[in-house]
Amino acid sequence: MGSTPRRGDTRQRIQDVALDLFAERGYEKTSLREIAEQLDVTKAALYYHFKTKEDIVRSLFQDLSRPLDELIAWGEQQPRTLETKQELLRRYSAALADVEPLLRFMQENQATVRDLSIGQVFKDRMIAMSGLLRYPDATLTDQVRCMTALVSMHAGLFAMQTIEGDREEKRQAVLEVALDLLTQAHAPAERLGGQ
Numbered sequence: 006m007g008s009t010p011r012r013g014d015t016r017q018r019i020q021d022v023a024l025d026l027f028a029e030r031g032y033e034k035t036s037l038r039e040i041a042e043q044l045d046v047t048k049a050a051l052y053y054h055f056k057t058k059e060d061i062v063r064s065l066f067q068d069l070s071r072p073l074d075e076l077i078a079w080g081e082q083q084p085r086t087l088e089t090k091q092e093l094l095r096r097y098s099a100a101l102a103d104v105e106p107l108l109r110f111m112q113e114n115q116a117t118v119r120d121l122s123i124g125q126v127f128k129d130r131m132i133a134m135s136g137l138l139r140y141p142d143a144t145l146t147d148q149v150r151c152m153t154a155l156v157s158m159h160a161g162l163f164a165m166q167t168i169e170g171d172r173e174e175k176r177q178a179v180l181e182v183a184l185d186l187l188t189q190a191h192a193p194a195e196r197l198g199g200q
């Protein structure tokens, strides 16, 4: 008899297996029955946690939004210095690394993301994050730099898939580029005596 996983692990295992199957077969072609089979549990056991595939995807996005909400709340309490903004990007990079399969799901299943309105959840967090990174009286070019710093972290995850190398090294390279953009955007604000 194998070791019985703790009850709390089941939900996480369902999410992980579902994401793997969605990536492998596509969201539309994957059934709850197949997810249950892959987990070697009954459909009833799966039903205890999730009634539909949509419930699984929504739960994944709730789990993603929690750390982002905490990060945004932290950022709102800090002074609007370059150091704070750099730390925001570092923490954001780490949070994205944790949810890479979910971001891949978003990219590959854009119609589903739109239909379930979960894209809006992510978009709202991006708007809040960009507000924390931007300098209110920055030039348009520097505002673009701040936005690009944020967007480059998402794009980097996908663009780097075609580049050889260690995943962590690639994540660090993307973060370094984002930090460079942020620092460039900060320089004029510093010269003008802004924060």
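All residue numbers for the sequence shown refer to the numbering used here, where the first residue is 6 and numbers rise by one.
Yeah, the Cβ is synthetic: ideal placement off N, Cα and C, and Gly gets one too.
Residue 149 sits in a helix when the DSSP states are folded into three classes.
Taking C-beta atoms as the reference points, residue 96 and residue 73 fail to come closer than 7 Å. Inter-residue distance for residue 64 and residue 157 is about 26 Å (C-alpha atoms, whole angstroms). Annotation: residue 56 is outside any alpha helix (DSSP H) and is labelled neither H nor E by DSSP. Look at the segment 37–96 and you find these whole runs of alpha helix (DSSP H), each 4 residues long or longer: 37–44, 48–54, 58–82.
Counting along the chain, the unbroken alpha helix (DSSP H) around residue 130 starts and ends at 123–138.
Residue nearest to residue 127 within the set 151, 25, 155 is 155 (criterion: CA-CA distance).
If the five residues before and after residue 61 are omitted, its C-beta is found closer than 7 Å to the C-beta atoms of 19, 20, 23, 55, all from its own chain and listed in chain order.
Under the three-state reduction of DSSP, residue 19 is assigned to helix. The Cβ atoms of residue 107 and residue 69 lie closer than 7 Å to each other. Distance between residue 90 and residue 144, taken at the CA atoms: about 17 Å. Cα atoms of residue 111 and residue 124: separation of roughly 8 Å, rounded to the nearest angstrom. Rounded to the nearest whole angstrom, the C-alpha separation of residue 189 and residue 153 is 12 Å. The C-beta separation of residue 187 from residue 94 comes to about 6 Å, placing the pair in contact by the 8 Å criterion. In the DSSP annotation of this structure, the continuous segment of the alpha helix (DSSP H) that includes residue 111 starts and ends at 105–113.
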